[in-house]
Every structure is written in structure tokens, then in C-alpha cells.
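Down below is the structure, laid out as C-alpha cells.
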Amino acid sequence: MPANGAPTKITQGSRSRGGIGESTLRPDGTLKVTGEFAYSSDMWHEDMLWGQILRSTVAHAEIVSIDTSEALALPGVYAVMTYDDLPTEVRNYGLEIQDTPVLAHGKVRHHGEPVAIVAADHPETARRAAAKIKVEYRELPVVTDEASATAPDAVLVHEDRDDHHAGHVPHPNIVHRQPIVRGDVASARGRADVIVEGEYTFGMQDQAFLGPESGLAVPEEDGGVHLYIATQWLHSDLRQMAPVLGLPEDKVRMTLAGVGGAFGGREDLSMQIHACLLALRTGKPVKIVYNRFESFFGHVHRHPAKLYYEHGATRDGKLTHMKCRIVLDGGAYASASPAVVGNASSLSVGPYVVDDVDIEAIALYTNNPPCGAMRGFGAVQACFAYEAQMDKLARELGMDPVEFRQLNAMEQGTLMPTGQPVDSPAPVAELLRRVKAMPLPPERQWESSEGADVRQLPGGLSNTTHGEGVVRGVGYAVGIKNVGFSEGFDDYSTARVRMEVVAGEPVATVHTAMAEVGQGGVTVHAQIARTELGVAQVTIHPADTKVGSAGSTSASRQTYVTGGAVKNACELVREQVLEIGRRRFGSYHPAWATAELLLEGGKVVTDGGEVLADLVDVLGDEAVEVEREWRHRPTEAFDLRTGQGNGHVQYSFAAHRAVVEVDTELGLVKVVELACAQDVGKALNPLSVVGQIQGGTTQGLGVAVMEEIIVDPKTAKVRNPSFTDYLIPTILDTPTIPVDVLELADDHAPYGLRGIGEAPTLSSTPAVLAAIRNATGLELDRTPVRPEHLTGTA
Amino acid sequence: MRVNFTVNGRPQEADDVWEGESLLYVLRERLGLPGSKNACEQGECGSCTVRLDGVPVCSCLVAAGQAEGREVVTVEGLADHARQRSRGGSRGVPLDEAKAWQAGGPGSRTGEEAELSTVQQAFIDAGAVQCGFCTPGLLVAADEMLEHNPDPSDADIREALSGNLCRCTGYEKIMDAVRLAAARQSGEV
Amino acid sequence: MDFLRPASWEEALAAKAEHPTAVPIAGGTDVMVEINFDHRRPEYLLDLTRIGDLYEWETGEDTVRLGASVPYTRIMEHLRAELPGLALASHTVASPQIRNRGGVGGNLGTASPAGDAHPALLAAGAEVEAESAARGTRLIPIDAFYTGVKRNALQPDELIRAVHIEKADGPQQYSKVGTRNAMVIAVCAFGLALHPATRTVRTGIGSAAPTPVRARAAEEFLNAALEEGGFWDNRKIITPSVAKRFAELCSGACNPIDDVRGTASYRRHAVGVMARRTLTWTWESYRGARRATEGAA
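Chains as they are written, first to last, in UniProt numbering: chain A, 1 to 794; chain B, 1 to 189; chain C, 1 to 297.
Next comes the structure, spelled out in C-alpha cells:
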């Protein structure tokens, strides 16, 4: 029997044209508000077992022994597996470097690493069994920062590296290093009238998506397995899973189950292989659902970073040079670290014109939790630092911080530090102008006729101030993010589009493997089909591996790349439909041969608006189906020595203005307003675009004032893996977020659109920090800023 | 142990319940009602919010046995609940019908034919749903607030929803949705 | 695990006597978290939600006898006049959903130094009504109730039936610092009550010592200063130096630790700030000039 809750197609009609540029509503909206939308944790199968993972209780240790006998003896337990039970010699996986063991082999390298897996008839049985597995550890010293990891006698996190970065890194505990040198920093430095330096710290942020890692693996009669899973990229999972399972890729079927948010945290595998191993071992469906505690160990986090910056400027406010060194902590396994290094280095200058730069970014191997993809990776950390530097420079020069930025803002044609020209609009100064021009929120908005409304004051419901100590501050920031996979990656997507008459109406079906994680890709695909094919009804087929790869739902790329693939496939379908029309009706009207023909309102029409035929009549019983891969223009790797190269596809820009109120005595912050201006190229769905910008902005707010995974530097153990102590903003912490959307087309992209998901996460954090500095006069060189940093009690 | 209680107006019985199970687990895994969500299981996110004898609670923190004999309303029953509220009545369902009943799969519904409560429709219309994992809990909480505070200020809305985390939207569209639902309920729009 | 469902208070006491390791569960807001995260596997869960008495309160001449399970939401809504400090504290508890379930009995039973109710109870003055089948009822003064980190004066066979809290005879305030504007566990908290009838001031500090504590030296200092200056009668503005010294002594009453929620140094500092502010708010209220500083929500 099929798994309960397995996704089936969703058909959505539209009373309006419902094409691109309209704020059409989500096709899955009704299912999501009625509780019927099946997320990966909702999947259910008769006779299914529950999987449980036993994780390491220490960060770095040799495994002396594992005894599973008591666990196996527990009634209701169907399987217990360790490294020794893996079916093939392929026992590692990884996005780029296959350095991550499916189950620990002789050694654990971070707190919470999977050591053994259990399948049982009830989650509690599985938990009890896991607790009965005896693991003896011999603890090893931990490396937790640059000094300890790169010391000459440092313990190596991975002893025998043979990955493609191993040859060029200065120390085996450095995953990847990317320098970028351009111009002549020494002589440019000589022209500087002011030089500012800074050392900045960015804390470890968690994606904190609400839907925990989960999925259901169902063994199949042919010896294969079908996995219903929440992920960001089905085909990437498949490529990593199949070799470990010892199965050809066509015997590992993947269907996307409902995804409860992602933000980068589902780029790496979590429970995918474990569930499949247990299903194949027991011959029964196996469901695994992490709880929130486990989720903090089950996915990578945003790289914490140390950033060392030096900028110079002339008295009249022009930047002379920039030197920086960015040290990212990648934790125990590589994950996306190499790409994070590439982004951090190539975007380290920010959206500014600086001709003379000396840049170095590295990612470390340590025994801290593995870090990898999170919204805006690499660029987020850099933006926090370079925007702090911009404010410092403006202050040194006695200039307005916005004017100073505008004076140095890049524009179309500016060369990146990599030598790549920015060949589409780069309205950096304009975004700053717009965000500054928005009206400021009223002062003392918390005063009411009944006294101070504490809900609108720092501290909120906790009743800490009725206005005492409260000072307002305003801050600005702007950032630049690359869109799409960079550095020569073959970044393509696949779309299958079918058109046919169903119940007397033309219907388009769009089938891709795109992971809908909440971003609204399914809405946009239907809109594209309506625009290109002139139909009202569009069916979105569930995402699965029966169609080619759509690439990852990350790097702000899906609307661009899979949207581009859907558009391309629709255009080919349209050509074939018109060909059928010409064949059937061409002789009735000369325009079939001579005019530019469009599909609109279920009809074939000329560009002059004349109706030639109904699509229903054109298609008759025929169905037209096209599957195509689509690629954006290629990129190049960065030179390993100089960092030069056309590494990126497109850039995305957003600017923020933050207004905060700080209780300067207690160090509590209330963000009053967080305004954003962003260029989106073309808003395919304005409602969704604004929603993305507001959501990204709020994640930036979170890491400005509260969000941080705290790792004990002595033991490398995570100290706050829960929603009690890892805090994300509530609705009372989140201000109004007015958004000004600018649409300057990028002629290289489908419809002129720009990837938008990440840029708002960059500038939000430094804008809030700038506002807090403005309110308090403090330097504040780390994020998140905590009450003790604002009160001198750290 | 065995637990009997009423869910969305229908009597339900769950057997072989482990004593440490939460109401959330019983709803999701034993009664085929996965609409209430399992985001944190520590009362810190509100995704599992249900009405227990009319009161919004985190179902992850209600022991299954504590639900014995109580009435529960989940997101799956929200539209019915709102309809009954507007009619001012209640109705029961025969036990055999209740046992046969379960949440449907996503199916191929277009959504336009479904009957939704005001607050559900407002969430769709305002763009308040992205990944949707927080949505069921927010809907139950927002619906309950509007029941006793039909004309909330923004600060009232924020306070009433301060126990429901959302990671996608930045809450702005959720504010819009609740304002819209309030306006529609009072017949303003 | 066994799930015990007593239908009456007597049955509950009998069950607790028979199974002293049974873990009482009412709102479930502490116990269920521990079960969900596999931190605790009690042999017996003793469900108290069927005992209606625990959800009721009686307002007497001098005290409110507050049933152990009266939800925080009800305290906020119905006991603002009698128990203003506890009503304010209740409003800071977690989220609306948790306030609908949790009650003071749970805070007392768990006896976490971070429990939100404790500083308000300490400041108002209260007695915990504990009962066992074997020995009947006893009243434990709140000052003697907290015996260690997550430890209290209850015997294994005892259950908390109610808390007798002194009705406010003057203004009370409560403040809590958390790193989020809602749904947050206290980094530290402070409760203050003016008792004009006895011309005394009482305090309570949360999350800044192994147990909830009173700042006794601060209270004594302030009581003396108020008496000496005739403040209770002349209702003058409190001298800034007095408020400052009071705040310092409150900070000094802390014995905090560094943890993921905050540093010890910050906790000491913040308790001082809250002490000064709540003193100002309550005293202004006592003087009849409260309006300008009234907190509303």
C-alpha cells in the first residue's frame, strides 16, 4: 500500500489571468490551512517501524567498543545497526567532500555524531533500545578555533585527507583557502587619509526551520527503497545515498514530502540514509522524526566567523583599499564550507568600489558542530563586518553614513574584486536613498493614554521598563549576494511540461524535482505556465526523482533556474501546440503562417489580438509533453592564488534601515522598525517577494540580538540545543517591516528576474547593530549582541 | 492504556497508549490527525496548539491520559468549529462514523471548493502561509483570540500570538491576515 | 510507566502515599518537556487535573487561598487587585498557551530558581499548603520552602494543595529580564511589595541564586530609611541615594552563576536596576502619582 500522506498532484485554477507579475495565491494554501498538507513527519504506513539514532555524547573520541546486545534483546526492537553493518565499502557522504561517516567509524569528531541506529515498533521502544547500546569512548583533545586547529602539533580532525582542496591548504585542519588580490594595496594605503581596523565576531546561527528532520522509507519489492523526505535537493540526496545503500540510483526512489522550512539546513543529508538502511534491513517501512533537541545536532549551522578588516579612505570620502581576513569555523565535516569560503572572499568588499584589495578567507576543520549552508552563507558574515567598517569610516570622516556609502557604491559596470564586471543593474545608492526616504516611525510609540504599553518597549511583557533608560537609535546597511551556484558549477534545472485537454479545458501540468520549502516555487511555476501557455488550470506534479534534477532550493536560485527551465519547456510546448494548430487549421487563416502567435485565455491569438482557434480544438485528444534541462550562463572557478575569475552568475542587492530602542541600563533591545529596499529585477509574485524579504529580514534580526548556538570551548559540546535556550524572534520581537521593491530587469535572466531570498538576510543584521551603536555609543564588534555586551557585564 | 475523548465533535478512542505519550502524539499517530504540528515538543513554538475544553494549549505538553473525557478542537476541525460558533449550536457524530473518519490526503483538491473559516481564508489571502508548519497552531490561536476580542489592536494581536513561532514570514503577513480576518468577521470588508 | 488518575484530593493523597516516587502532573509544562526529551522516566505519573478544588481560589480577609492548579491566565484576569505582583509575574510566564495550563503549584513543585512566580510570592508573603495522607495539612512559610536547586521542603508523600498569599495592602511590582520580548525563561527576575500596614517592604529575587531569595539586607535598610525619613507618612519622593543603596543591596543579595542565558555579573547588575525601578514604580503609586509610570498590557 502507498504511504499515507504521500503527495499527489495539486491542480489550481485562476479566475484572473494568474500569470507572472500577479500576486496569485499558493496552490497548497488550502491544504496548509486545513492541516491536510502532508509534511514529512506526517507520513504514516501500516506496520511501520520507528527509527532512532544514538549520537555521541562527547565531541572528539576514539570508539573503543560498541555493545548492542542488550538493545537487540529488547522486545519490539527489529534492528540495531552500527558501522560494521553498512552494506558496502562506501561509508561516507558529503556535498562536495565525502568526509562524513554514515555511522561513526572508530572515532567521533563532534558532539552528537551518529553512532548507531535502531528500528522498533514504537518511538519509546526505539529510545529505550538506543539507551541500552553501550559505547565506550576514549576521549581525544579538541580543536575549537583557529589557534588550536592550526597549531603545528594540532590534533588532525581528518588524518588522511585526499580531497581536491588538500593540496593547496596551508594546514590539514583548513578545509579550503581562497585569497583574492587585486591592485596594489601598499600604494593605495599610502593615499589613505584615514584607516580603520576592526576585528569582528559572528556567532553560530541555526536555521531553526520549524519542521524537524523526518521521513519515511518504504522497502520495495524489487529490492529498492522509496523515501518520502523533506529536503532541498532530491537528486543531490540520491547521488549521496545510493552508493552507501549499495543500490543503483534507479532503485532509490525519492518523493518530496511536505517541507517545514529549510534555509540551508536541509542541503546536507540528515536521516535519509539511516531510514533507508533500517527499511532495507527489516523489510518494513521505517519512519524517523527528530525532536527539536536532536534537530540541533541533525543539521549543519551557519559558520561562526572571525573577521579582521582594514579599510582606508581619503579625506573626501573615497575608499582607497581594503584588507581582510575571514576565518570561518566549518566544524568537524566539510559540508558546504568550500563554497562558503568562495562567497565570503569574493563578496568581502561588499557593494562598493574598491580597486585595491588583499583578501583571504579560510574555513577550519574543528571539533565544533559541522557548519554549512544557511541563507546568505559567507556573504552574511562579511556584510556584518564591512558595514561596521563603513560606519566607522563615516564617523572618522565626519560624514553621514548613508552619503558615505552612496559615494562609494558600486553600479553596473563596476569590477568585483575577482575582476568580474557587474553586468546588470546594481542600484546600491538608489536602494540606500529609498530606505532613508521612508518616513520614520513616531517617537515614544509606546506611550498610551493608560501609561506605557510594555509590549512596545524593550523587555516587552517582562515589564522591565516604562520608558526609563530607553534611547532610540537608527542604523543603515546594504549588502551584495551572489545568486545561483558559482565557481564553475554546472547549475542546471529540468522541467517537464505537458499540455492536454481535461474535462473540456486545456490544462498544463508542470513536473519538476524542485523542492518547495515554503518559498512559493509552486505558485510561480503555475504562473509561468499560465503566462506562456494561456491556460487557467495548471497542475503541479509532486516533486520526485522520476524527472531530472532541479538543483537545490538554495542560493536564491530556484525562481531563476527552475523557473527558467519551466519557462523554456513551456515555450517548446507552445511551439509544438502551434505546430499542431498549423497542421490542423493553418489552411483556414493566413495568420497561422504569417503572424506572431500567442496562447492567451485558452486560445491561439495573433499578436494583434485576433483569435485563431480554441486550444481545446487545437489539441483535441493529443497531449504535448516536453522535458528540458536549462542552464544559466556558465561561471568559472576562482584562481586559487589570485581569486580572479567570473565566478558568479548574478548579484542581488538589499538595503535596510533599522530603528531600535535600547534600554541602556538593562541592555535590552526592541527593534521598532526594520525597513528594507530591494531590487528584485522582476517580481513574478509581488506578495511572495515581500514575504521573502520580510522573512529574511527577521532572520537577520534574530542573529543581531538573540540567536546563537553556544559551544563550550573546552569540550566542544553544544550547550543550548533547545527552543528554550536557542531563541528565535517571536511576533513581539519583530517590528513592522516596510518594503520598497525596485524592479530593474537583468537582461540575462528569465523575465529579468533576480534571485531574492538571501539578500535581505545580509543587511538586516548590520543595520540593527548600527542602530544599537547609534543609540548606545558602544563599539559592538560581535553579533548577536547580548544584554551583557550593552551593560559592560560580559 | 485506553483514552477516550472528543476530537472536533467526534468521540475518539485510542488503545495501547503508552503512558508517556502526549496528546499531540495520539492525535498525529493514532487518530490520523497530523494537522497539529510537532515542531519543538517543549511548549516553545505553539505549532501544536489545540483547544482543550475551549482553551488554547500546547498539545505536546498535555499527557494523553489528561485528555480523557475532554473535548479537543484541532486545525482539522477549525472550519466546523467556526461554523458552529456562528450558528451557536453543536452537534455530535455517531461513533461508527467517527471511527471511519480520518484526515484525507492532499488529494487533487483545488482548494477553491473547500469551506474555510474566516481566519483560514484570511491566512491564504494575505500571504501568511509559506512553509506552513506554524500555520495550524497560529490559526487555532488567532481564531480563539478573535472569538473574545473581535477588534484587536496590533499590540493585542502580537501578544495573543507571542507563543507561536514562525520562521518564514517575519510575521508581517500574519499580522495582515489577522487584521483581515477581524475586519471580515465584523463585516467591514 | 503508570498513569494514575485520582478523581479526588483524597485519592491523590492516597496514591502519593502508596507511590512516593509518583510525579504529580497538572499543567504538564515542566513534566512533559522532560518526558518528551527523554530526560525523565518516572515510574508513575500522578494526574491532578481531575481535582476541581485545585483550580479554585478563595479570597479571605487577609489572604487568598489559591488552588495549586489555578492557571496563570486566571490569576492575571481575576486576581490583579488582590495579588498584583503575582498577576504581573503570571503575565511574564512563557506564552498564552502555557499560561492557560500552568499554575503556581507547578512552579513550587519544580522549585526551579527561574520559576516566575517565586519572587512575587516571596515579596507578597505566602504559605504553601502541603498535605499528606499520613500527617494531614501543614503550612510551610514561603521563606522556608526553597531548600536547594530544584529542591523544596515537601516530603515524598506530600502534595501541594494551595498557596495562601497575603492580599496586597499596598503597591506591588514585578520585573523579569529575558533576552526576548515574550516567551522567555528568566535571566533574572525581581518582585517588590510595599506593605504600608506593617510599614515594611519585601522583595523576591529569581534566577540569581541557587534558590529564589529575598534581599533581606536591602529590605532592612529600606525599612529603616523609610521609617527614619517619615516617608510612609509624608509620602515624599524617595531620596535617590536611598534607592541607589537599596539597589546595591539587592544586587548584593544575589549569588548567581554564568550560564547560557546570561553572566553572573549581568544578573547582579540587572537585579539592581530592576530593584531601583520597581521601587520607584511602587513608591510613586503609593504616593498617588503612579499614572505617569504605570505599565499597561
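Even glycine gets a Cβ: it sits at the ideal position worked out from N, Cα and C.
Computed from a predicted structure; not experimentally measured.
| Any idea if residue 182 of chain A is buried or exposed, counting beta-carbon neighbours within 10 angstroms, 16 or more meaning buried? | On the first sequence, residue 182 of chain A is found 182 positions in, with the first residue counted as 1. Label assigned to residue 182 of chain A: buried.
| In whole angstroms, what is the alpha-carbon distance linking residue 31 of chain B and residue 49 of chain A? | For this step, residue 31 of chain B is matched to residue 31 along the second sequence. For this step, residue 49 of chain A is matched to residue 49 along the first sequence. Whole-angstrom Cα-Cα distance: 17 Å.
| When the distance is taken between beta carbons, is residue 389 of chain A closer than 9 Å to residue 326 of chain A? | Position 326 of the first sequence, counted from the first residue, corresponds to residue 326 of chain A. Position 389 of the first sequence, counted from the first residue, corresponds to residue 389 of chain A. No; because the gap between Cβ atoms is not below 9 Å, this pair is not in contact.
| query | Under three-state DSSP, which class holds residue 34 of chain A? | reply | Here the question's residue 34 of chain A lines up with position 34 in the first sequence. Helix, per DSSP.
| Between residue 34 of chain B and residue 27 of chain B, what straight-line distance do the alpha-carbon atoms span, to the nearest angstrom? | Residue mapping note: residue 34 of chain B aligns to position 34 of the second sequence, counting from 1. Residue mapping note: residue 27 of chain B aligns to position 27 of the second sequence, counting from 1. So the alpha carbons of these two residues sit roughly 7 Å apart.
| query | Beta-carbon of residue 98 of chain C versus every beta-carbon of chain B: anything under 9 Å? | reply | Locating residue 98 of chain C in the third sequence gives position 98, counting from the first residue. Interface residue, yes.
| field | First and last residue of the uninterrupted beta strand (DSSP E) at residue 203 of chain C | value | Along the third sequence, read from residue 1 onward, the residue named residue 203 of chain C stands at position 203. Element bounds for residue 203 of chain C: 200-206.
| query | Excluding five sequence neighbours on each side, which residues of the same chain lie with their C-beta closer than 8 Å to the C-beta of residue 738 of chain A? | reply | Position 738 of the first sequence holds residue 738 of chain A. Answer for residue 738 of chain A: 438, 673, 675 and 676, listed in chain order.
| task | Return helix, strand or coil for residue 227 of chain A, following the three-state DSSP convention. | result | Taking the first residue of the first sequence as 1, we reach residue 227 of chain A at position 227. Residue 227 of chain A: strand per DSSP, three-state reduction.
| task | Provide the residue(s) that pair with residue 200 of chain A in DSSP beta bridges, ordered along the chain. | result | Mapped onto the first sequence, residue 200 of chain A falls at position 200. DSSP lists A:307 as partners of residue 200 of chain A.
| Taking the C-alpha atoms as reference points, what is the distance between residue 105 of chain B and residue 77 of chain B? | For the purposes of this step, residue 105 of chain B is taken as residue 105 along the second sequence, with counting starting at 1. For the purposes of this step, residue 77 of chain B is taken as residue 77 along the second sequence, with counting starting at 1. In this predicted model, residue 105 of chain B has a pLDDT of only 36, less than 50, meaning its place in the structure is not dependable; the value taken from the coordinates is given anyway. Between residue 105 of chain B and residue 77 of chain B, the C-alpha separation is close to 15 Å.
| request: Output yes if chain A places a C-beta closer than 9 Å to the C-beta of residue 185 of chain B; else output no. | output: Numbered from 1 along the second sequence, position 185 holds the residue referred to as residue 185 of chain B. Chain A contact via Cβ: absent.
| Mind checking if residue 106 of chain B is an interface residue toward chain A, Cβ cutoff 9 Å exclusive? | By 1-based counting over the second sequence, the position of residue 106 of chain B is 106. Here the model assigns residue 106 of chain B a pLDDT of 36, short of 50, so the residue's position is not dependable, and the following value carries that caveat. Output row for residue 106 of chain B: interface = yes.
| Span separating the alpha-carbon of residue 235 of chain A from that of residue 513 of chain A | Stepping through the first sequence from its first residue, residue 235 of chain A is reached at position 235. Stepping through the first sequence from its first residue, residue 513 of chain A is reached at position 513. Residue 235 of chain A and residue 513 of chain A: Cα-Cα distance of roughly 8 Å.
| query | How is residue 132 of chain A classed by DSSP in three states: helix, strand or coil? | reply | In the first sequence, the residue the question calls residue 132 of chain A occupies position 132. Of the three classes helix, strand and coil, the one that applies to residue 132 of chain A here is helix, per DSSP.
| Uninterrupted beta strand (DSSP E) stretches inside the stretch 388-418 of chain A (no shorter than 3 residues) | none
| query | Which runs of the alpha helix (DSSP H), 4 residues or longer, sit entirely within the stretch 297-350 of chain A? | reply | 337-346
| query | Got a sec? Which residues, its chain only, sit under 8 Å from residue 776 of chain A by beta carbon, not counting five neighbours each side? | reply | To locate residue 776 of chain A, count along the first sequence from 1; it is residue 776. Result list for residue 776 of chain A: 471, 473, 662, 664 and 790, in chain order.
| query | Between the stretch 231-264 of chain C and chain A, which residues of the former have a C-beta closer than 9 Å to a C-beta of the latter? | reply | 259, 260, 261, 262, 263 and 264
| said: Just to confirm the assignment: which complete beta strand (DSSP E) runs, minimum length 3, are found wholly within the stretch 577-639 of chain A? | reply: 597-600, 603-606, 611-614 and 624-631
| task | Using a Cβ-Cβ cut-off of 9 Å, state whether residue 34 of chain A counts as contacting chain B. | result | Sequence index remark: in the first sequence, residue 34 of chain A carries index 34 (1-based). Yes, residue 34 of chain A counts as interfacial toward chain B.
| message | Taking CB distances under 9 Å as the criterion, tell me whether residue 5 of chain A reaches chain B. | response | Locating residue 5 of chain A in the first sequence gives position 5, where the first residue counts as 1. Closer than 9 Å: yes.
| field | Exposure of residue 276 of chain C, with buried meaning 16 or more beta-carbon neighbours within 10 Å | value | As a working mapping, residue 276 of chain C is identified with position 276 in the third sequence. So residue 276 of chain C ends up on the buried side.
| task | Taking the CB atoms as reference points, tell me whether residue 123 of chain A and residue 289 of chain A lie closer together than 9 Å. | result | For the purposes of this step, residue 123 of chain A is taken as residue 123 along the first sequence, with counting starting at 1. For the purposes of this step, residue 289 of chain A is taken as residue 289 along the first sequence, with counting starting at 1. For residue 123 of chain A and residue 289 of chain A, yes; Cβs fall inside 9 Å.
| request: Name, going along the chain, the residues of the stretch 114-132 of chain A whose beta-carbon falls closer than 7 Å to a beta-carbon of chain C. | output: 127
| Residue from C:246, C:129 and C:207 with nearest C-alpha to residue 109 of chain C | Numbered from its first residue, the third sequence carries residue 109 of chain C at position 109. Minimum Cα distance to residue 109 of chain C is reached at C:129.
| field | For residue 216 of chain C, the nearest candidate out of C:231, C:229 and C:246 (CA to CA) | value | As a first step, residue 216 of chain C is located in the third sequence; it is residue number 216 there, counting from the start. Of C:231, C:229 and C:246, the residue nearest in Cα terms is C:246.
| task | Indicate the three-state DSSP secondary structure (helix, strand or coil) for residue 448 of chain A in the structure shown. | result | Stepping through the first sequence from its first residue, residue 448 of chain A is reached at position 448. Three-state DSSP puts residue 448 of chain A in a strand.
| request: Would you tell me roughly how many angstroms separate the C-alpha atoms of residue 96 of chain C and residue 147 of chain B, rounded to the nearest one? | output: By 1-based counting over the third sequence, the position of residue 96 of chain C is 96. By 1-based counting over the second sequence, the position of residue 147 of chain B is 147. Residue 96 of chain C and residue 147 of chain B: Cα-Cα distance of roughly 15 Å.
| Beta carbon of residue 28 of chain A, beta carbon of residue 522 of chain A: below 9 Å? | Mapped onto the first sequence, residue 28 of chain A falls at position 28. Mapped onto the first sequence, residue 522 of chain A falls at position 522. Cβ distance < 9 Å, so residue 28 of chain A and residue 522 of chain A count as in contact.
| task | Could you tell me which uninterrupted beta strand (DSSP E) segments, each at least 3 residues in length, are contained entirely in the stretch 35-101 of chain A, listed from first to last along the chain? | result | 49-55, 61-67 and 77-81
| What beta strand (DSSP E) runs, 3 residues minimum, are completely inside the stretch 20-52 of chain B? | 49-52
| request: Can you pull the chain A residues whose beta carbon is under 7 Å from the beta carbon of residue 5 of chain B, in chain order? | output: Stepping through the second sequence from its first residue, residue 5 of chain B is reached at position 5. Correct list: empty, because the minimum Cβ distance to chain A is about 18 Å.
| request: Would you kindly work out how many angstroms separate the C-alpha atoms of residue 556 of chain A and residue 38 of chain B, rounded to a whole number? | output: If you number the first sequence from 1, residue 556 of chain A lands on position 556. If you number the second sequence from 1, residue 38 of chain B lands on position 38. Approximately 28 Å, taken between the alpha carbons.
| request: Give a yes or no on whether 9 Å exceeds the smallest Cβ distance from residue 333 of chain A to chain B. | output: Reading the first sequence from its first residue, position 333 is the one you call residue 333 of chain A. Answer no: the Cβ-Cβ gap between residue 333 of chain A and chain B never drops below 9 Å.
| task | Tell me, please, which residues DSSP counts as bridged to residue 538 of chain A. | result | Residue mapping note: residue 538 of chain A aligns to position 538 of the first sequence, counting from 1. Answer is A:12 and A:508.
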